[in-house]
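Participant:
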Amino acid sequence: MSDTTSLSEAVVGIGDFAVGMDAANKNRIRLALMARLAETVQRVRMSGSAAVDLVWLAEGKIDAAITLSNHTWDMTAGVAIAREAGAVVVDSRGAEYSAEATTTLAVTPGLVGQMLPHLRENGDGVSR
Numbered sequence: 001m002s003d004t005t006s007l008s009e010a011v012v013g014i015g016d017f018a019v020g021m022d023a024a025n026k027n028r029i030r031l032a033l034m035a036r037l038a039e040t041v042q043r044v045r046m047s048g049s050a051a052v053d054l055v056w057l058a059e060g061k062i063d064a065a066i067t068l069s070n071h072t073w074d075m076t077a078g079v080a081i082a083r084e085a086g087a088v089v090v091d092s093r094g095a096e097y098s099a100e101a102t103t104t105l106a107v108t109p110g111l112v113g114q115m116l117p118h119l120r121e122n123g124d125g126v127s128r
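Going left to right, the sequence shown walks through residues 1 to 128 as the working numbering numbers them.
(1) Got a sec, what are the start and stop residues for the alpha helix (DSSP H) Val55 sits in?
(2) One question on the structure: do Ile14 and Leu33 come within less than 8 Å of each other, judged by their Cβ atoms?
(3) If you count every other CB in all the chains shown that lies within 10 Å of the CB of Thr5, and 16 or more means buried, which is it?
(4) For Ala87, which residues of its own chain have a beta-carbon under 7 Å away from its beta-carbon, when the five flanking residues on both sides are left out?
(5) Would you call the segment 74-81 and the segment 24-33 in contact, with 3 or more CB pairs under 8 Å?
(6) Strictly by DSSP, which residues pair up with Leu68?
(7) Report the CB separation of Val41 from Leu7 in whole angstroms; it is logged as a contact under 8 Å.
(8) So is Asn70 buried or exposed if we call it buried at 16+ other beta carbons inside 10 Å?
(9) Counting C-beta neighbours from all protein chains within 10 Å, is the total for Met21 16 or more, i.e. buried, or is it exposed?
(10) By Cβ distance, which residues of its chain are closer than 8 Å to Asp124, with the 5 residues on each side in sequence left out?
(11) Among Val44, Glu96 and Met115, whose alpha-carbon lies nearest the alpha-carbon of Asp16?
(12) Once DSSP output is grouped into helix, strand and coil, what is the label at Arg120?
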């Protein structure tokens with residue numbers, strides 16, 4: 001895990017774009033989040049894989065991983081790895097991650113309080 005404590009130095013991974021039903025609305029939410037982050041963080045990355053983002057977080061390659069429209073099969077192994085490395089893994093309200101969460105923030109402990117407001121602006125309304 002990195003020890004980054006400043007958003008201006010943080011590299012943030014964000015899940016890929018939505019496809020299928022209601023994709024345009026879901027992608028507006030993603031683009032708004034990315035725009036807010038781009039004004040605040042050092043870099044926003046989109047790998048297209050929640051598992052990769054969570055492992056990169058555990059390795060210290062990124063400082064936060066945001067996943068919108070979670071699916072359990074995309075999250076379970078990566079969440080375990082990130083937690084073992086010391087990451088805080090929560091939903092958009094700051095509650096501990098669970099399989100029912102539709103939005104997940106996995107982050108280095110020094111950034112959790114700074115990252116959550118960005119997710120709260122979207123709410124937890126991103127559906128699967």
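Glycine residues also receive a C-beta, built at the ideal position from the N, C-alpha and C atoms.
Here the structure is a predicted model, which means the values were calculated and not measured.
Facilitator: On the basis of the supplied data:
(1) Ala50 to Glu59
(2) yes
(3) exposed
(4) Met1, Leu57, Ala58, Ala106, Val107 and Thr108
(5) no
(6) Thr103
(7) 5 Å
(8) buried
(9) exposed
(10) At Asp124, the pLDDT of 45 sits below 50, so the modelled position is not reliable and the matter cannot be decided from this model.
(11) Val44
(12) helix
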